[in-house]
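Take a look at the structure below.
Residue numbers (my numbering), protein chains in the order written: chain A, 1 to 233; chain B, 1001 to 1409.
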């Protein structure tokens, strides 16, 4: 078994749309090692979202094998996948996906709730995660009281709180202005430097420059896959 | 995730839509409240009927003398004295299921005190009568078997008669009344008995020993007992058996051929009470069923709101799944919400139902009767409604696809 944290072997994902069969992924093989910072690029329909879903254990491949941290997760049932997501993965979304009318603290506690962490420890870890993203002063704020950048940082704290191996970010700067985007990317770089593997998908080249490796998708296949010097945010 | 955590998350979600949660629970409140109130009202009415019959006497049979046929015209029961003193004795001694038997000879008459008079019912009987009817003296004492044996001129007044002759609440024991110019010493006043199920005043009566009655008031017909016989059976269960045994004994003694009509009739008070009770029970069941329908309607309200809630919170569900909620977590969260709504509705409903029942009972002058089992059943039923109508929305939520749900607009 290789040391790769994420290993896809000839993974395909097929959808039926009426009579037409859509190949969202068409034989993707790739490896992402622990501690990498990867940007997945591609236009819409390129299959990058599907790739992110498969890597994030939200979706199962129709064909091929997906090994996460050395274990085959291609055929696990939804509850086992939920457990992996809960334990080893963190998600950041374009639209933040914070629970409205719920404090930042409680939003961040959410993954720990499902991990069965006792309430005191949950509070402590949520506070620490929020301090780590620079929101230690805003524990009790509701999403509506926070700016877009702050909301995304709450979401990053939520992704961090369970101590994940990988953070998957789906267009994390899509709803942010360029100033705030740079701040959020700086935060991702800091986390990467701290040893967390980061995979983000984006269609913005500026954003991709902050990553250390860029994978370009087209028509469900990997078109290019190259390392680069990560730009400093 | 612990039960407590699940419940806490559910309560937080319900609190975000306070008015909606309240209105949803209100459906269950009305349903449970209606069930509790209706059953309580029914039980109160039943107890009312029961106590009316109980005041007549327990395990009571009344034997009425028979019919005669004269020239083709059939007289009703009581048109001819067919019961004899020997019959009474035989019933008392020969039938094991009979505890006591007493004659009751009645006529109306004018009763005089020193300065008042009152028309009432004069009843000649024996002390056994008061045992059968479970009737004690409120003042003074009952007359005794030796009074009956020696034909003493003593009288027991019903409360109404005592009030009419001597004024309300006064004690006339030791005074003398006159019936048909004959002086009787008042030995006691009976406890207030109230009204019969048909509204007749039980307390408007004067009792005298049966021997005194036949000697001084109405001689009757030698061997024949010119009245009715009250029979007290050993137990409620023995009443029907006593009725059968008395019937065959009397048919035998009166030499009635098989196929011929009885020349007497027996009223079974326990049976009549049973019929009345049946009536109120049917009414209670009917009211409770209607109330139960409203509870089901309340349940449909919960289901409706839970479905709305699931589709409103699709993205929340998707996110919860993405961060690690299993299908079971989502299922139990939505079930907990449905249950919290119905349980809250149940608790408030029980309180409301009790309040309504109390008001109604006070209004009708009924006893307020709520068995704990009714409360438990109503509450249990509301919980069942929560589970039953919460399950479908909760399952729907738990089976959502996280990817689709996160994209849901």
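Even for Gly, the Cβ is constructed at its ideal location relative to N, Cα and C.
Of all alpha-carbon atoms in A/163, A/232, A/165 and A/131, the one lying nearest the alpha-carbon of residue 150 of chain A is that of A/131. Taking C-alpha positions only, residue 1186 of chain B is separated from residue 1263 of chain B by approximately 37 angstroms. Residue nearest to residue 1099 of chain B within the set B/1235, B/1049 and B/1260 is B/1235 (criterion: CA-CA distance). Distance from residue 126 of chain A to residue 108 of chain A at the Cβ level is roughly 4 angstroms; contact confirmed, criterion being Cβ atoms closer than 8 angstroms. Contact note: residue 79 of chain A reaches chain B through 1326, 1327 and 1328, using a C-beta cutoff of 8 angstroms and chain order. Every unbroken stretch of the alpha helix (DSSP H) spanning 4 or more residues and falling wholly within the stretch 1003-1050 of chain B is given here in chain order: 1003-1015. Contact between the stretch 1293-1313 of chain B and the stretch 1016-1027 of chain B is established, with three or more Cβ pairs separated by less than 8 angstroms. If only uninterrupted alpha helix (DSSP H) runs of at least 4 residues are considered, those enclosed by the stretch 1069-1135 of chain B are 1085-1094 and 1127-1132. Judged by their CB atoms, residue 1298 of chain B and residue 1339 of chain B are not nearer to each other than the 8 angstroms cut-off. Here the stretch 1053-1060 of chain B makes no contact with the stretch 1354-1371 of chain B; the two share fewer than three CB pairs at distances below 8 angstroms. The beta carbon of residue 1352 of chain B lies closer than 7 angstroms to those of 1029 and 1033 in the same chain, with the five residues before and after it left out.
Taking CB atoms only, residue 69 of chain A has no neighbour in chain B less than 8 angstroms away.
Taking 7 angstroms as the upper bound on Cβ-Cβ separation, chain B lies near no residue of the stretch 208-228 of chain A.
Assignment of beta-bridge partners to residue 1265 of chain B by DSSP yields B/1064. Non-local C-beta neighbours of residue 1130 of chain B in its own chain, meaning closer than 6 angstroms and more than five positions away in sequence, comprise 1142, ordered along the chain. Note on the stretch 133-199 of chain A: whole alpha helix (DSSP H) runs with a minimum of 4 residues are 148-160 and 178-193, in chain order. Judged by DSSP secondary structure, residue 1317 of chain B falls within the alpha helix (DSSP H) whose first and last residues are 1314-1322. Interface annotation, residue 1005 of chain B: in contact with chain A, CB-CB separation under 8 angstroms.
Each of A/113, A/20, A/62 and A/98 was checked against the Cα of residue 153 of chain A, and the nearest Cα belongs to A/98. If only complete runs of 4 or more residues are kept, the stretch 16-66 of chain A shows the alpha helix (DSSP H) at 48-55, in order along the chain. Taking a Cβ-Cβ cut-off of 8 angstroms, the neighbours of residue 1403 of chain B in chain A comprise 53, 58 and 59, given in sequence order. Taking 8 angstroms as the CB threshold, residue 15 of chain A stays off the interface with chain B. Only exposed fits residue 1114 of chain B, as fewer than 16 other CB atoms lie within 10 angstroms of its CB.
Residue environment: residue 1004 of chain B is assigned as exposed (fewer than 16 neighbouring CB atoms within 10 Å of its CB, all protein chains considered).
Of the candidates B/1213, B/1370, B/1389 and B/1137, the residue whose Cα lies closest to the Cα of residue 1047 of chain B is B/1370. Residue 1396 of chain B sits in a helix when the DSSP states are folded into three classes. Close CB contacts of residue 1082 of chain B within its chain, under the 7 angstroms cut and outside five residues either way in sequence, are with 1065, 1066, 1254, 1263 and 1264 (chain order). Listed along chain B are 1323 and 1324, each with a C-beta nearer than 8 angstroms to that of residue 111 of chain A. Between the alpha carbons of residue 1225 of chain B and residue 1380 of chain B lies a gap of roughly 59 angstroms. Residue 175 of chain A has a beta carbon lying at 8 angstroms or more from every beta carbon in chain B.
For residue 1406 of chain B, the C-beta contacts it makes with chain A under 8 angstroms involve 93 and 97, in order along the chain. For residue 1316 of chain B, the chain A residues whose C-beta falls within less than 9 angstroms of its own C-beta are 97, 99 and 100, listed in chain order.
Going by beta carbons, residue 1190 of chain B and residue 1159 of chain B fall inside the 8 angstroms limit. In the assembly as shown, residue 66 of chain A is a buried residue. Its beta-carbon has 16 or more other beta-carbons within 10 Å. Chain A places a beta carbon closer than 8 angstroms to that of residue 1320 of chain B, counting this residue as a contact. Contact between residue 1231 of chain B and residue 1101 of chain B is confirmed by a C-beta separation of about 5 angstroms, below the 8 angstroms threshold.
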